[in-house]
Amino acid sequence: MNFKINWDAFGIATSVACAIHCALLPLFISSLPLFGHNIIDNNGFEYAMIALAFAVGTYSLYHGRKKHHHSWIPMIFFTVGILLLLGKVIWHSWELWLLIPSVACIITAHYLNYRMCRVHNHAHSDDCNH
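With our numbering, letter number 115 in the sequence shown gets 395, and the count goes up by one each step, no holes.
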């Protein structure tokens, strides 16, 4: 039984989960203290989520670039998205303005990587060394 993880789908899922976390968490502000949890404005939690998205995205996009399409375009979108996510944590007053484009950039990067990998399907050029 050969099981493969689609890292682009996993990256999109973690980006969407992050967006849902950021959008829905304020709705539960009044109930979280009742349960003794404080993940609102918890920078450690935010940085951990960004680190998870960075690790998954970097692996996925590097693999797609190296083995399939050899394009840096998805990585550029991803880098902009991660930088905007970091900016969201640093500048709280701009949180919503930075969250929406960051998630859009990260999802676009994974989508482009997915499409480019499927189009090329191991189409190698003369400069390919693998």
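Note that CB positions come from ideal geometry on N, CA and C, so glycine has one too.
Start and end residues, alpha helix (DSSP H) containing residue i
i       : result
Ser-373 : Element bounds for Ser-373: n/a, residue is neither H nor E.
Ser-295 : 287 to 304
Asn-323 : 323 to 344
8 Å Cβ cutoff met for residue i and residue j
i       : j       : result
Ile-387 : Ile-285 : no
His-348 : Cys-397 : yes
Asn-446 : Val-369 : Past the boundaries of the shown model lies residue 446; the chain is included only from 281 to 410, so the question cannot be answered.
Exposure label - residue i; buried when at least 16 CB within 10 Å
i       : result
Ile-372 : Strictly speaking, residue 372 in this sequence is His, with Ile absent from that position. Exposed: under 16 other Cβ atoms inside 10 Å.
Leu-341 : buried
Ala-389 : buried
Gly-344 : buried
Gly-361 : buried
Leu-363 : exposed
Phe-283 : exposed
Lys-346 : exposed
His-410 : Unreliable placement is indicated for His-410, whose pLDDT of 49 sits below 50; the coordinate value is still reported in the next sentence. So His-410 ends up on the exposed side.
Trp-287 : buried
Leu-304 : exposed
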